[in-house]
Amino acid sequence: MPSLKWRSLAVVCAVASAAASVLVATPAQADGPLRTHAAERGKFIGAALATGPLANETTYRNIAATEFNQVTAENAMKWDATEPNDNQYSFSGADQIVNFATQNNQQVHGHTLVWHSQTPGWVQGLNATNMRAAMNEHIATVVGRYANNATVVSWDVVNEVFNEDGTFRQSFWFNTLGQSFIADAFRAARAADPNARLCINDYNVEGINAKSTAMFNLVQSLRSQNVPVDCVGFQSHLAIQFGFPNDIQQNLQRFANLGVQVRITELDIRMQNPRNAQKDTTQAQYYTNVINACNAVTACAGVTIWGFTDRYSWIPDTFPSECCGLIYDNNYAQKPAYTAVHNALDGGTPSDTTPPTTPGTPTASNVT
Ligand code: XIL
Numbered sequence: 461m462p463s464l465k466w467r468s469l470a471v472v473c474a475v476a477s478a479a480a481s482v483l484v485a486t487p488a489q490a491d492g493p494l495r496t497h498a499a500e501r502g503k504f505i506g507a508a509l510a511t512g513p514l515a516n517e518t519t520y521r522n523i524a525a526t527e528f529n530q531v532t533a534e535n536a537m538k539w540d541a542t543e544p545n546d547n548q549y550s551f552s553g554a555d556q557i558v559n560f561a562t563q564n565n566q567q568v569h570g571h572t573l574v575w576h577s578q579t580p581g582w583v584q585g586l587n588a589t590n591m592r593a594a595m596n597e598h599i600a601t602v603v604g605r606y607a608n609n610a611t612v613v614s615w616d617v618v619n620e621v622f623n624e625d626g627t628f629r630q631s632f633w634f635n636t637l638g639q640s641f642i643a644d645a646f647r648a649a650r651a652a653d654p655n656a657r658l659c660i661n662d663y664n665v666e667g668i669n670a671k672s673t674a675m676f677n678l679v680q681s682l683r684s685q686n687v688p689v690d691c692v693g694f695q696s697h698l699a700i701q702f703g704f705p706n707d708i709q710q711n712l713q714r715f716a717n718l719g720v721q722v723r724i725t726e727l728d729i730r731m732q733n734p735r736n737a738q739k740d741t742t743q744a745q746y747y748t749n750v751i752n753a754c755n756a757v758t759a760c761a762g763v764t765i766w767g768f769t770d771r772y773s774w775i776p777d778t779f780p781s782e783c784c785g786l787i788y789d790n791n792y793a794q795k796p797a798y799t800a801v802h803n804a805l806d807g808g809t810p811s812d813t814t815p816p817t818t819p820g821t822p823t824a825s826n827v828t
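In my numbering, the protein residues as written are 461 to 828.
Written out as structure tokens, the structure is:
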């Protein structure tokens, strides 16, 4: 069934056929929220959410609910949040995010199961046998908790396993277990939820380079061994002073050709202080470019922005001389980047011929 937008256009064109050569039809949803336009393309547009403002700020909650049809927990599903002590689980923050998403017909992407960062010291000090057991048990428990919850459709199973030169990061995981921890983690996740889409996620892999090629080779190798890797996440923490990875579409497509889903998982586009109009324009163009790349690749499921308001962003904490990577400013005003995302989702003809899905009504059965 054609979407509302295209049926409306057909009516407009029929009525105005005499003037068809000069008619510029206005899309029916021109002023709609981002999620409406993404859904018309069969894509998601998401945001990473933080539990504090979600509990405490009405404006934050309203924008998160209205504009996005997908959610990632910025921190609440990480190991230090979910299992701070051995076999002592805490799901209050994770459940808060999942319940919010359920109430607002949004999908949740679980982030993240096995990472070198934000993992408690008790895990890092284990010997190989115990570390492997702890990893498998953690995955079974965390993924298992949401296995029958239709809101949680996918997981970042392993995060950031590569160095920039494409060698494996010398993390405590790698140093203790060797690269086999990666395949083991995916198998444990598949066992815990056979219907969840399982992703490997990293940064600086948006363009074609040594790191993304190492990722490509690993995914190809794992899949040839029947390791259940379904998806590759491209974090996309970009910065305008570093230039845009202009081969991003080509890179997404080469991964798609392996048979995996691709997704932009943590998009933000920072700039050096101070923010100004010219930098905002460049930033908006970068946002356009990323959305266009995902639009152009059928296997690209969607784009998650790493937050949505500059009021709550990891950027100033992590990159002290940089700021302002998101699509709303500190006071929840929409920036040029918001308009860019809106128009890239709304404009033009969808290249993706997948029928539009009803926004935010994921079921576990349609995600494999
Ligand atoms: C960041 C969060 O945004 C911060 O709040 C936290 O203090 C550190 O982690 N790659 C990832 C994310 O996979 O989990 C990170 O999130 C950003 C980099």
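Ideal placement from N, C-alpha and C gives every residue a C-beta, glycine not left out. If you're wondering where the values come from, they're calculated on a predicted model, not measured in any experiment.
Query: What three-state label does DSSP hand Thr532 in the structure shown?; Result: strand
Query: State the CB to CB distance for the pair Ala536 and Ala554, rounded to an integer number of angstroms; the pair is presumed to be in contact (CB under 8 Å).; Result: 5 Å
Query: I need the boundaries of the alpha helix (DSSP H) containing Met731, first residue and last residue.; Result: Counting along the chain, Met731 falls outside any alpha helix (DSSP H), though it belongs to the beta strand (DSSP E) covering 721 to 732.
Query: If we cut at 8 Å on Cβ distances, does Asn619 have a partner in chain D?; Result: In the structure shown, chain D cannot be found, because there is only a single protein chain.
Query: Counting C-beta neighbours from all protein chains within 10 Å, is the total for Ser781 16 or more, i.e. buried, or is it exposed?; Result: exposed
Query: Straight-line CA distance for Gln709 to Leu718?; Result: 15 Å
Query: Report the CB separation of Val692 from Phe715 in whole angstroms; it is logged as a contact under 8 Å.; Result: 5 Å
Query: Arg735 to Cys783, Cα distance in whole Å?; Result: 7 Å
Query: Considering just the uninterrupted stretch of the beta strand (DSSP E) at Gly693, what are its terminal residues?; Result: 691 to 694
Query: Could you check whether the Cβ of Gln695 sits closer than 7 Å to any heavy atom belonging to the ligand XIL?; Result: yes
Query: Among Phe676, Asn664, Glu534, which one has its Cα closest to the Cα of Gln695?; Result: Asn664
Query: Cutting at 7 Å between CB atoms, please list the residues of its own chain near Val757, excluding the five before and the five after it.; Result: Gln709, Leu712, Gln713, Ala716, Val722
Query: Express the C-alpha separation of Gly807 and Asn564 in angstroms, rounding to a whole number.; Result: 25 Å
Query: Less than 8 Å between the CB atoms is what I'm expecting for Met591 and Thr636, so what's the real figure, rounded?; Result: 5 Å
Query: According to DSSP, what are the bridge partners of Tyr788?; Result: Thr769, Gln794
Query: Opposite His569 in the DSSP bridges: which residues?; Result: Thr532, Ser614
Query: Given a cut-off of 8 Å on the beta-carbon distance, is the pair Thr611 and Gln567 in contact?; Result: yes
Query: Would you call the region 644 to 659 and the region 669 to 677 in contact, with 3 or more CB pairs under 8 Å?; Result: no
Query: Helix, strand or coil, according to DSSP, for Val763 in the structure here?; Result: strand
Query: Quick one: does the C-beta of Ala534 sit closer than 7 Å to a heavy atom of the ligand XIL?; Result: In the sequence under discussion, the amino acid at residue 534 is Glu, which differs from the Ala named in the question. Yes, Cβ of Glu534 sits closer than 7 Å to a heavy atom of the ligand XIL.
Query: Please name the residue in Phe504, Pro776, Glu527, Ala652 whose C-alpha comes closest to that of Gln794.; Result: Glu527
Query: State the start and end residues of the unbroken alpha helix (DSSP H) segment that holds Phe632.; Result: 632 to 637
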